[in-house]
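Q:
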Amino acid sequence: MNTKVTIAGVEFKNPVMTASGTFGSGVEYGEFVDLSRLGAVVTKGVADHPWEGNPVPRVAETASGMLNAIGLQNPGVDVFIERDLAFLEGYDTKVIVNVCGHSEGEYLNVVERLSDDDRVAMMEINVSCPNVKEGGIAFGTRPDALFNITKLLKEHSKKPLIMKLSPNVTDIKEMAKSAEAAGADAISLINTITGMKIDIYKRKFALANKTGGLSGPAIKPVAVRMVYEASHAVNIPVIGMGGIATAEDAIEFIMAGASAVAVGAVNFHNPYATVEVIEGIEKYMRDYNVSDIADIRGIV
Amino acid sequence: MNTKVTIAGVEFKNPVMTASGTFGSGVEYGEFVDLSRLGAVVTKGVADHPWEGNPVPRVAETASGMLNAIGLQNPGVDVFIERDLAFLEGYDTKVIVNVCGHSEGEYLNVVERLSDDDRVAMMEINVSCPNVKEGGIAFGTRPDALFNITKLLKEHSKKPLIMKLSPNVTDIKEMAKSAEAAGADAISLINTITGMKIDIYKRKFALANKTGGLSGPAIKPVAVRMVYEASHAVNIPVIGMGGIATAEDAIEFIMAGASAVAVGAVNFHNPYATVEVIEGIEKYMRDYNVSDIADIRGIV
Amino acid sequence: MKKKISCRVLSQKMIAKNIYDLKVESELAKDAVPGQFAGIYTGDGSMLLPRPISICGADKEQGILRFVYRIQGKGTAFFSGLKEGDRLDILGPLGNGYPIEEAVGKRAVLIGGGIGVPPLLEMAKRLSELDADKAPSAIDIVMGYRDSETFLSDEFKKYGNLIIATDDGSVGVHGTVTDALKEKAVTDGVIYACGPMPMLRGLASYAGEHEMKAYISLEEHMACGVGACLGCIVKTREVDGHSHVKNARICTDGPVFDAEELDL
Amino acid sequence: MKKKISCRVLSQKMIAKNIYDLKVESELAKDAVPGQFAGIYTGDGSMLLPRPISICGADKEQGILRFVYRIQGKGTAFFSGLKEGDRLDILGPLGNGYPIEEAVGKRAVLIGGGIGVPPLLEMAKRLSELDADKAPSAIDIVMGYRDSETFLSDEFKKYGNLIIATDDGSVGVHGTVTDALKEKAVTDGVIYACGPMPMLRGLASYAGEHEMKAYISLEEHMACGVGACLGCIVKTREVDGHSHVKNARICTDGPVFDAEELDL
Ligand SMILES: Cc1cc2nc3c(=O)[nH]c(=O)nc-3n(C[C@H](O)[C@H](O)[C@H](O)COP(=O)(O)OP(=O)(O)OC[C@H]3O[C@@H](n4cnc5c(N)ncnc54)[C@H](O)[C@@H]3O)c2cc1C
Ligand SMILES: Cc1cc2nc3c(=O)[nH]c(=O)nc-3n(C[C@H](O)[C@H](O)[C@H](O)COP(=O)(O)OP(=O)(O)OC[C@H]3O[C@@H](n4cnc5c(N)ncnc54)[C@H](O)[C@@H]3O)c2cc1C
Ligand SMILES: Cc1cc2nc3c(=O)[nH]c(=O)nc-3n(C[C@H](O)[C@H](O)[C@H](O)COP(=O)(O)O)c2cc1C
Ligand SMILES: Cc1cc2nc3c(=O)[nH]c(=O)nc-3n(C[C@H](O)[C@H](O)[C@H](O)COP(=O)(O)O)c2cc1C
Ligand code: FES
Ligand code: FES
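Protein chains in written order, with numbering that gives the first Met the number 0: chain A, 0 to 299; chain B, 0 to 299; chain C, 0 to 263; chain D, 0 to 263.
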């Protein structure tokens, strides 16, 4: 039984990763699961300098989901390298660093800084973050802007790059193709869907930021559809996420065409979710005689 | 205490309507609620001739939501007029007819056919249906196509028109503005978000149509956000829907800027939902001294 | 009249592997007829839709509804955890039910397969209780199971001539219910059936061959259960009177159909 | 060590209007210290996130956790329906807890307001049980309530000098806990507090004036409860050692903070 997957030449022991921003840099959930069991740890977005993020409230629960507007708080790439990468070195897993920035230049700073670090397997570029200036959310919602930033970063990166796509678009296929055309090694999707919640008793937005990103099981059908569409539109590997809670969910994404999957907000519901998903996939493969995980990829 | 709202000159006794396609033409839920309590009955989409719709399975449950791919099965406008409008005439509520078509011509046929019928208060144009040819889903996802069809139908309609917008777009504000610029009397949103579910044991799509429209409480945060954005982008009234289950939900949409709201998939969970929402709004108004429902519209 | 009401669980027990027998106190029992079903809601907010479950027993006097169901997924797993005293929201009674009057003076042939067995129990009971002038001339009951776990068969015995068929041959006829019909040469009367689609298709053609009427109960994924959403259609041979296309709604026009009218 | 485990409900009772007292059997009681909290999950799949509820009692020997909570919304309403024998998923123990050792030889001033009262009960108990060399010189307990429903006050009495303040003046000092502190001239010692933000702000400045240390427990909307999501921050005066910005995580770096370090 083979659960290994290879993406842009990087081999992962299994297709299960953590979704950026829902797993810190692994320390916190290391108390619950053995990080060495994971296909990869995808870290919280990191920028070239520390970001304060948004005011609180930053999170709000919704039906089978949640909204967040963390605002990409992060300690900056220097601390990240010294502390977080050093911590992750202790585990037998791959590290994918999620990168954010306010401008092309800021993204570039992080990418270049990490390009020679052996501990980094790949970088995932978050072009779907809601608070970037200079083209801003355009990076993630306009095919041409996505093409340009992908191309620029690819020119300067010695690591394979995953472009993380926003679901807040009319046509995800077009976005996926732009990323591919510009040289992306893989794409990951979906980032959160923009949402809003209002407290009718306080007559105020539930989040200080007004809007936030919707994640969790509520969005799974949208995510599966987009992963299906994107993986049929491009030839580069697709990493699927959005509401994965169980092995069934993960397999659903794989059958839709994903090469790997990530567990996100559900970690907050079940801190053991990542490893349970891995074990569940193994069980499914045993029970249904799937000898290689690749055999069920895109099977529908 | 005033719960009346006026949209394009039509007065509704309260802001609570049914969402098209989730309430038939009222007959079925008339067994559970008094239709005369409703602000309006919005009928299932009707075309100029009978449509067979899609093969089964047509519905699938998802976390706090459901997918549907009914494919706009309907008996055609003639039967609709003879049977359904005649039935609705017996109730003290407003009738909004939801209109679908495969092409501009087909929409036009229905609009013209109903234009002189006194029993019809308004028409809601479903330009977000997933299976129309000639520009197809473009009507609902491209601003220029939306503009054109809106303009055309407005030119031939003697009734006020509500353009029903699709949430499957990058920028809902732009769509709302196009509808307004072309003369729409109101907009309603959101229609369903395209989603997919896969049965990993059968290795098949859960819906015969592969994709379906996601509705129910799961999508409420997206709907509230889009209603907020749209109602701040245009000056015509906005009818909000997407996952409304309770009066709290309805008030959330009103505070986001909606003039009226519609209860959709939740009817399937609670056949009394529409009237419970109305009663809940009245209670909220009493408890919090809101003398006119308009006083809380867009209050956040 | 259809209603959604909160009902009190009276008892719940496992009667075969993954098969449960649930009784609830419910005024809906008053109006329910065999072949109808109910939409049962889980108490879990993430599950929006009711689960359609056939009425296996409806005691008018005592106001008790009985459901026998198999654990299929999340919803039925939820039901299986219910205990006496818990409450459950039920929408019903739904659908049309079997046309019991069609069997007057004729052989009533009740056929159930797998989890299609339960709805026929109340039918058997009611047929057996009819006054002589309304009663069938005979009640044959043919129930198909996977194996020796022939749940409800003891109860069926009380109401008619019970023939059991099992896939593994452990009890009764080795084979399908159609095999049993052939073996026992049941070639006249009115068929009332419920079970998986291949079985129903087989029965429809068997009935056709022998010029028997067959009333079959269908399953489809449902949303509303009351005819409003058009989620649960079956193809019909002729244009349907309600839909004006060749689709009938299983939840309202069915779940029981005259097999001849369907395009299966 | 933090764990998420399924726990058995031992008892549940209403102790004031909308205020419930819940006891569960849980091995988490072993490691829990006062001021910590737990993330309690509803069994309902539509509610993804744990509800942070302070530990009101932790009986190490018997392995019993106690929570006292107010019905606030859907989650707490769900909890209030739990009965003996039901099971509940609990993530804990979370957060840092009150620095009990800071009060050695000093006056310990425990201050709670509203639903901030419960976490101080276990603190009062543990302070009162300390060996003489580790014990505070006195234990003052100042609890603020809305009205005469002074839940838990009988228990507090056992552990120290209890002063009650009520908004409506029906019991004890008419006014806030700060009013009570002033009235009773409590001007030295270490404050351990929990309550609404305006009360905590008031206390922080009172403590500042009197050069008292104040350890206050904060609330914020949380997602993970374990420090991973950065959902629950509070502004700090200096750059925080973990975040490298002026934000500390309430769920992990707190919920108890030295008031001086915060930018409230
Ligand atoms: C008219 C009718 C009568 C039925 N009577 C019985 C009965 O008496 N006993 C019994 O055990 N089962 C019966 N079924 C099947 C029963 O409805 C499904 O097994 C049940 O809905 C599964 O729900 P779940 O949440 O456990 O499964 P899941 O697979 O988790 O359900 C997911 C969704 O699919 C729907 N679904 C899944 N399977 C079916 C199915 N076969 N038919 C319709 N919807 C389905 C569920 O209702 C739910 O909305 C009947 C179905 C119909 C249509
Ligand atoms: C560290 C900590 C300790 C707490 N201790 C107690 C306690 O001992 N007793 C008690 O009654 N309450 C306590 N609370 C408050 C309690 O967490 C909320 O009342 C509860 O989460 C409300 O959940 P709900 O589903 O009933 O309300 P809803 O309003 O329906 O909740 C919706 C969402 O908002 C969150 N939320 C709502 N209010 C709060 C709040 N005040 N703080 C954090 N999240 C909130 C919920 O967790 C949920 O995710 C504590 C909060 C924190 C942060
Ligand atoms: C609290 C939180 C923080 C997140 N932070 C990031 C981030 O820093 N970078 C990023 O690319 N995505 C971020 N995401 C998006 C997730 O990685 C993921 O794409 C999304 O949540 C959908 O998956 P899920 O439904 O499983 O959570 C964040 C999501 C959440 C809930
Ligand atoms: C079964 C079903 C059928 C629908 N049919 C139509 C339709 O005919 N025309 C239309 O404009 N919208 C249709 N819709 C969309 C709803 O009117 C509504 O916009 C959407 O479901 C979001 O609201 P909800 O989450 O409250 O259901 C349908 C939705 C469902 C669930
Ligand atoms: S389930 Fe809605 S029409 Fe049958
Ligand atoms: S709740 Fe996630 S960091 Fe505190």
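Glycine included, C-beta positions come from ideal geometry on N, C-alpha and C. Computed from a predicted structure; not experimentally measured.
Kindly indicate if chain D contains any beta-carbon less than 9 Å away from that of C:Gln11.
A: Taking the first residue of the third sequence as position 1, residue 11 of chain C is located at position 12. Chain D, which has no Cβ nearer than 9 Å to the Cβ of C:Gln11, makes this no.
Q: List the residues of chain D that A:Tyr106 touches, going by C-beta distances under 8 Å, in chain order.
A: Numbered from 1 along the first sequence, position 107 holds the residue referred to as residue 106 of chain A. What A:Tyr106 touches in chain D: nothing, since even the nearest Cβ is about 20 Å away.
Q: Hey, quick one: how far does the alpha helix (DSSP H) through A:Asn266 stretch, first residue to last?
A: Position 267 of the first sequence holds residue 266 of chain A. Residues 265-268.
Q: Does the beta carbon of D:Tyr214 fall short of 8 Å from some heavy atom of ligand 2?
A: Counting from 1 along the fourth sequence, the entry for residue 214 of chain D is found at position 215. No, ligand 2 has no heavy atom inside 8 Å of this Cβ.
Q: CA-CA distance, C:Ala57 and B:Thr191?
A: Position 58 of the third sequence holds residue 57 of chain C. Position 192 of the second sequence holds residue 191 of chain B. Near 39 Å, if we compare the C-alpha coordinates of B:Thr191 and C:Ala57.
Q: Could you check if C:Gln11 belongs to the surroundings of ligand 1, using beta carbon to heavy atom distance under 8 Å?
A: Stepping through the third sequence from its first residue, residue 11 of chain C is reached at position 12. The answer is no for C:Gln11.
Q: How do the region 25-37 of chain C and the region 95-108 of chain C stand: do at least 3 beta-carbon pairs fall below 8 Å, yes or no?
A: Because the criterion of three Cβ pairs below 8 Å is met, the region 25-37 of chain C and the region 95-108 of chain C touch.
Q: Identify the continuous alpha helix (DSSP H) that holds D:Lys181 and give its terminal residues.
A: Position 182 of the fourth sequence, counted from the start, is the residue given in the question as residue 181 of chain D. Element bounds for D:Lys181: 176-182.
Q: Output the boundary residues of the alpha helix (DSSP H) element that contains B:Thr140.
A: Here residue 140 of chain B refers to the residue found at position 141 of the second sequence. Here the alpha helix (DSSP H) through B:Thr140 covers 137-140.
Q: Consult DSSP for D:His173 and reduce its assignment to one of helix, strand or coil.
A: One-based indexing of the fourth sequence puts residue 173 of chain D at position 174. Of the three classes helix, strand and coil, the one that applies to D:His173 here is strand, per DSSP.
Q: Per DSSP, which one or two residues make a beta bridge with B:Asn1?
A: Taking the second sequence and counting its residues from 1, one reaches residue 1 of chain B at position 2. The partner list for B:Asn1 (beta bridge, DSSP) reads B:Asp291.
Q: Is the beta carbon of B:Ile95 within less than 8 Å of some heavy atom of ligand 8?
A: Questions concerning ligand 8 fall outside what the structure shown contains, since the ligands it does hold are ligand 1, ligand 2, ligand 3, ligand 4, ligand 5 and ligand 6.
Q: Considering only C-alpha positions, which residue in the set B:Lys150, B:Leu213, B:Asp198 is nearest to A:Glu251?
A: Along the first sequence, one-based indexing puts residue 251 of chain A at 252. Among B:Lys150, B:Leu213, B:Asp198, the Cα nearest to that of A:Glu251 belongs to B:Asp198.
Q: What ranges does the beta strand (DSSP E) occupy inside the region 55-130 of chain B, keeping only unbroken runs of at least 3 residues that lie completely in it?
A: Correct list: 58-61, 64-67, 93-98, 121-125.
Q: So C:Glu107 and C:Leu126 are in contact, right, with Cβ under 8 Å, and what is the actual spacing, rounded?
A: Within the third sequence, the letter at position 108 stands for residue 107 of chain C. Within the third sequence, the letter at position 127 stands for residue 126 of chain C. Strictly speaking, residue 107 of chain C in this sequence is Ala, with Glu absent from that position. About 5 Å; that satisfies the 8 Å criterion.
Q: Let me make sure I understand the geometry here. Which of A:Gly297, A:Lys209, A:Thr21, A:Val226 has the alpha-carbon closest to that of A:Pro54?
A: Along the first sequence, read from residue 1 onward, the residue named residue 54 of chain A stands at position 55. Ranking A:Gly297, A:Lys209, A:Thr21, A:Val226 by Cα distance to A:Pro54 puts A:Lys209 first.
Q: Quick one: is D:Met46 near chain A, going by C-beta distance under 9 Å?
A: Taking the fourth sequence and counting its residues from 1, the one referred to as residue 46 of chain D is at position 47. With 9 Å as the cut-off, D:Met46 counts as an interface residue toward chain A.
Q: Where does the unbroken alpha helix (DSSP H) through C:Tyr205 begin, and where does it stop?
A: Within the third sequence, the letter at position 206 stands for residue 205 of chain C. Looking at the DSSP string, the run of the alpha helix (DSSP H) that includes C:Tyr205 is 196-208.
Q: Could you check the C-alpha separation between C:Leu90 and B:Glu173 for me, to the nearest Å?
A: For this step, residue 90 of chain C is matched to residue 91 along the third sequence. For this step, residue 173 of chain B is matched to residue 174 along the second sequence. Each residue's Cα considered, the two are about 42 Å apart.
Q: In terms of DSSP beta bridges, what is A:Met240 paired with?
A: For the purposes of this step, residue 240 of chain A is taken as residue 241 along the first sequence, with counting starting at 1. DSSP output for A:Met240 lists A:Ala261 as bridge partner(s).
Q: Give the residues of chain G in contact with A:Thr193, contact being defined as C-beta atoms less than 8 Å apart.
A: Absence of chain G from the displayed structure is noted, the protein chains being A, B, C and D.
Q: With a threshold of 9 Å between beta-carbons, can D:Tyr97 be considered close to chain A, or not?
A: The residue given as residue 97 of chain D occupies position 98 in the fourth sequence. Chain A contact via Cβ: absent.
Q: Mind listing, in chain order, the residues whose beta carbon lies closer than 5 Å to a non-hydrogen atom of ligand 1?
A: Listed by chain position, these are B:Glu60, C:Phe36, C:Leu48, C:Arg50, C:Pro51, C:Ile52, C:Ser53, C:Tyr68, C:Arg69, C:Gln71, C:Gly72, C:Lys73, C:Gly74, C:Thr75, C:Ile114, C:Pro117, C:Glu218, C:His220, C:Pro254.
Q: Any idea what DSSP makes of A:Ile298, helix, strand or coil?
A: The residue labelled residue 298 of chain A in the question sits at position 299 within the first sequence. Correct three-state label for A:Ile298: coil.
Q: Let me check you understand the geometry: is the CB of B:Leu160 closer than 8 Å to at least one non-hydrogen atom of ligand 4?
A: By one-based count along the second sequence, residue 160 of chain B stands at place 161. No, ligand 4 has no heavy atom inside 8 Å of this Cβ.
Q: With respect to 8 Å, is the separation between the Cβ of A:Gly44 and the closest non-hydrogen atom of ligand 3 below this value?
A: Taking the first sequence and counting its residues from 1, the one referred to as residue 44 of chain A is at position 45. A:Gly44 Cβ: within cutoff of ligand 3.
Q: How long is the line joining the alpha carbons of B:Thr169 and A:Asn167, rounded to whole angstroms?
A: Here residue 169 of chain B is taken as the residue at index 170 of the second sequence, counted from 1. Here residue 167 of chain A is taken as the residue at index 168 of the first sequence, counted from 1. Taking the straight line joining both Cα atoms gives about 5 Å.
Q: Verify the contact flag: B:Asn167, CB atom, against every heavy atom of ligand 4, threshold strictly below 8 Å.
A: In the second sequence, counting from the first residue as 1, residue 167 of chain B sits at position 168. It does not: the Cβ of B:Asn167 is nowhere closer than 8 Å to a heavy atom of ligand 4.
Q: Does the CB of D:Asp88 have a neighbour CB from chain C at under 9 Å?
A: Working through the fourth sequence from its first residue, we reach residue 88 of chain D at position 89. Taking Cβ atoms only, chain C never reaches closer than 9 Å to D:Asp88, which makes this a no.
Q: Can you tell me whether D:Thr251 sits near ligand 6, meaning its C-beta is under 8 Å from at least one heavy atom of the ligand?
A: Residue mapping note: residue 251 of chain D aligns to position 252 of the fourth sequence, counting from 1. At least one heavy atom of ligand 6 is nearer than 8 Å to the Cβ of D:Thr251, so yes.
Q: Would C:Glu26 and C:Gly62 qualify as a contact pair, given that the criterion is a beta-carbon distance under 9 Å?
A: As a working note, residue 26 of chain C is residue 27 in the third sequence. As a working note, residue 62 of chain C is residue 63 in the third sequence. The answer is yes: Cβ separation under 9 Å.
Q: Taking only heavy atoms of ligand 6 into account, decide whether any of them is closer than 8 Å to the Cβ of A:Ala264.
A: Stepping through the first sequence from its first residue, residue 264 of chain A is reached at position 265. No, ligand 6 has no heavy atom inside 8 Å of this Cβ.
Q: Under DSSP, the alpha helix (DSSP H) around D:Asp252 begins and ends at which residues?
A: Locating residue 252 of chain D in the fourth sequence gives position 253, counting from the first residue. It is not in any alpha helix (DSSP H) - D:Asp252 carries neither H nor E in the DSSP assignment.
Q: Give, in chain order, every unbroken run of the alpha helix (DSSP H) that is at least 4 residues long and sits entirely within the region 101-134 of chain D.
A: Segments of the alpha helix (DSSP H) lying fully in the region 101-134 of chain D: 118-128.
Q: Pick helix, strand or coil for D:Arg50, following the three-state DSSP scheme.
A: As a working note, residue 50 of chain D is residue 51 in the fourth sequence. It is a strand residue.
Q: Verify the CB distance criterion: does B:Lys12 have a CB-CB separation below 9 Å to chain A?
A: What you label residue 12 of chain B is simply residue 13 of the second sequence in a count that begins at 1. For B:Lys12, the answer is no, since every Cβ of chain A falls outside 9 Å of its Cβ.
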